[in-house]
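Going line by line, the protein sequences match chains Y and P. In terms of this note's numbering, the first sequence opens at residue 883 and continues consecutively. In terms of this note's numbering, the second sequence opens at residue 223 and continues consecutively. Every residue gets a Cβ at the ideal spot worked out from N, C-alpha and C, and that includes glycine.
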Amino acid sequence: MNIWVYIDHFKGSALPTSWEAVGVAKSLGATVTGLVLGSGVELVAKQAFEYGADSVILSDDPALADFRAEVFASTIAAASEIPDAIFLPTSTRGRELAAMLAIDLNTGVLVDVTSIELSGDKLVVTRPIYSGKIFQKETCVSKPQIVTLRGRSFPKPAPTAGKAGEIKKVAAKPEALTNVEGYTASEGGVSLTDAGVIVSGGRGVSNNPSLQPPAGMDEKAAEIWRAQQGFKLVGDLASVLGAAMGASRAAVDAGYVPYSHQVGQTGKVVSPDLYIACGISGAIQHLAGMRTSKVIVAINKDADAPIFKLARYGVVGDLFVILPELTEAFKKKLGK
Amino acid sequence: MKIVACVKQVPDTAAKVTAESGKVNWGDAPLVINPWDEYAVEAALQMKEAQGGTVTAVTIGGPSSADALKHALAMGCDDAIHINDPALAVLDTQSAARILAAAVKKIDGVDLVFFGKEAVDGNSGLVASQTARLLGFASLTLASVVKFENGAVRVERATEEGRQVVTAKPPAVLSIVKDYGEPRYPSFMGIRKASKAVIPTWTLSDLGTAAPVPAVSMLEILNPPSREVNCEIIAGTPGEAAEKLVEKILGEKVL
């Protein structure tokens, strides 16, 4: 079986999920070709070999400096000897590229899969739907079978330094319909979907009546002010742990933190090693977005909150008291 | 400007969804317009308000899906088209995209097509880009800010690395994320108008296409593996609880 793996990168820095995808393809016994597209991306090609690719298809062209799905899809679809399957990470780029490749190659996409097996010459995958409330097993009946893999769902292979292989160069198809003007300031902090540790806050983060807001604030402004004091405690713990900061939909809808932090059915689906939920009761939409976390810790005033049903460890109490203690205790233990 | 907003009907996100006898069961939870699609309708209406023109809501689905269109009409869409054909009961994303692309072609002269980021049931997030590819339109996905300037659409896109600014000349397909801003509630007048609206139904023969052959075949619907649910409650004063919790977490070797 021949599998192409799209090595997703941002300005020459490869996403770890790309290597996870190479690892899965190798584990299926396939001959793996890395697809490396960009401008000045020889290093990414070199890394692809080190992480296990047998060969690399390289398109290195200034016209590919910015990712544009229509340009990248045309370039890949024009390459000869289309394989049995194409794997991509489920990143914003990987998803859109998979979508367009499926149209160009008249085939289907198995999207955001969390497990994969070989049945004869068909890939059978499992993927979460309804944000993880349901798992669906499916296959793609046409070829190539296009699969996007959810990050952190497959082991990342160890690189072998100095391993090399054959590079086949292909020409870029630069006809574009879009123009990338640049980036506004990045959101900053650790990306939720790549994070190994996430500390999240919910509605309860504003629930500290003893905090006296500055004079002259109306009720709504005072609530947001209180929440910001609470989220500062969440952020302090996150920064000691090198963690990303998450939030429940209730906290985002109430205006406590921007939407980019939202975890759940209408936010991001995450799967960290450690998830610490602070003042989150555990609405079904939130649980759907974080239930595959390895270890879940809940801190909540309400001992009956549904979040405790999913948590490995729980502390029933006031997060405004417990979080600073927890941050200090971690600082001491981790020598920070 | 001729604008299309594509919407889908889905079970309410508060539904307890389970796999039963190989099927997805959402009990008596209501079917609603896909929450992401409300942002798409909002963005479409704001574009119309700024540039003039019409917004047509389009859905594919059985008889009940007309309610999703009525919601879009009540929000302010000018008209709606219900694509309903028994041959479309099972669709994968590229089949859905082929049908929607055929509808956009039949509507004719469309400048912009709006989608939500994804549907909360299938979570694929592919149909917008696939429809764009089939139509040869520019694809501007995951937009949180949408402007029309100097004859081009300018969007800010939510990517892993920050907000990317991308422009394209119409015709274009856009998908909208929640950062765009809260969708409006249907007005009383809007609801009255929508309840009286006669929504045309298009079948495959109206579209002049054969039923697309799905490339993705669903094999099995499963409940997710159940999680270990023994929660160990850490007791003590806040200081003691914090120390104990740190020991426990370090013992899990997840840091």
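Does the Cβ-Cβ distance between P/E462 and Y/Y1195 come in under 7 Å? no
If we call anything under 7 Å between Cβ atoms a contact, is Y/T1030 one with Y/F1017? no
Using a Cβ cut-off of 8 Å, pull out every chain P residue sitting near Y/M1172, in sequence order please. Residues of chain P passing the Cβ test: none, with the nearest at roughly 11 Å.
Looking at Y/I885 and the ligand MN, is the gap between the Cβ and the nearest heavy atom below 6 Å? Summarising the ligand content, the structure contains no ligands, and the ligand MN is consequently not present.
Give the secondary structure of P/K270 by DSSP, where H, G and I count as helix, E and B as strand, and everything else as coil. helix
Contact check, Y/V1198 vs Y/A1185, beta carbons under 7 Å: yes
Closer than 8 Å by beta-carbon distance: list the chain P residues that pair up with Y/Q1147, in chain order. T235, V342
Y/E978 burial status per 10 Å Cβ neighbour count (16 or more: buried): buried
Out of curiosity, what's the CA-to-CA distance linking P/V246 and Y/W886? 33 Å
Output needed in chain order: residues of the region 382-403 of chain P with a Cβ under 7 Å from some Cβ in chain Y. E382, E383, G384, R385, Q386, V387, V388, T389, A390, K400, D401
Provide the residue span of the beta strand (DSSP E) that contains Y/P971, from first to last. 967-971
Stretch-stretch touch, CB-based, cutoff 8 Å, three pairs: the region 1147-1155 of chain Y with the region 1165-1181 of chain Y: yes
Taking 7 Å as the CB-CB limit, is Y/F1202 close to chain P? no
Inter-residue spacing [alpha-carbon to alpha-carbon] between P/K470 and Y/K1045: 41 Å
Candidates P/Y261, P/L334, P/T363, P/A432: closest to P/V226 by CA position: P/L334
Looking at chain Y, is there any beta carbon in it that lies within less than 7 Å of the beta carbon of P/G355? It is worth fixing the name first, because residue 355 of chain P is Arg in this sequence and not Gly. Taking Cβ atoms only, chain Y reaches closer than 7 Å to P/R355, which makes this a yes.
Looking at Y/T899: is its Cβ nearer than 7 Å to the Cβ of Y/D936? no
What's the gap between the Cα of P/F370 and the Cα of P/V254? 30 Å
Let me know if Y/F1202 comes out buried or exposed under the rule of 16 or more other beta-carbons within 10 Å of its beta-carbon. buried
Integer-rounded CB distance, given that P/V388 should sit under 8 Å from Y/N1061: 7 Å
I'd like the ranges of any alpha helix (DSSP H) spanning at least 4 consecutive residues and lying wholly in the region 404-465 of chain P. 410-418, 426-429
So, is the C-beta of Y/N1089 closer than 7 Å to a C-beta in chain P? no
Drop a sphere of 10 angstroms on the beta-carbon of P/Y407, count the other beta-carbons inside from all chains shown, and report buried for 16 or more, exposed for fewer. exposed
Could you tell me which chain P residues have their CB closer than 8 Å to the CB of Y/G1196, listed as they occur along the chain? C453, E454, I455, I456
Quick test of the definition: if touching needs 3 or more C-beta pairs under 8 Å, does the region 282-300 of chain P touch the region 410-430 of chain P? yes
Give a yes or no on whether the C-beta atoms belonging to Y/G1083 and Y/G1161 are separated by under 7 Å. yes
Going by the beta-carbon positions, is the gap between P/E242 and Y/S1073 smaller than 7 Å? no
Chain A within 7 Å of P/N306, Cβ atoms only: In the structure shown, chain A cannot be found, because the protein chains are Y and P.
According to DSSP, what are the bridge partners of Y/K1050? Y/I939
In terms of alpha-carbon separation, which member of Y/L910, Y/L919, Y/N884 lies closest to Y/S895? Y/L919
Can you list the residues of chain Y that P/A257 reaches, using a CB-CB cut of under 8 Å? Here residue 257 of chain P turns out to be Pro, not Ala, going by the sequence shown. Here the neighbours are T1148.
So P/T389 is in the alpha helix (DSSP H); what residue range does that whole segment cover? No alpha helix (DSSP H) contains P/T389, which is instead part of the beta strand (DSSP E) from 384-390.
Report the residue from Y/T1042, Y/P1140, Y/L925 whose alpha carbon sits nearest the alpha carbon of Y/Q893. For the record, residue 893 of chain Y in the displayed sequence is Lys; it is not Gln. When each option's Cα is compared against that of Y/K893, the closest is Y/L925.
In angstroms with no decimal places, state the Cα-to-Cα distance between Y/P1096 and P/L477. 38 Å
Does P/T459 pass the burial test, meaning 16 or more other C-beta atoms within 10 Å, or should it be called exposed? exposed
Determine contact between the region 390-406 of chain P and the region 338-356 of chain P, defined as no fewer than three beta-carbon pairs at a distance below 8 Å. yes
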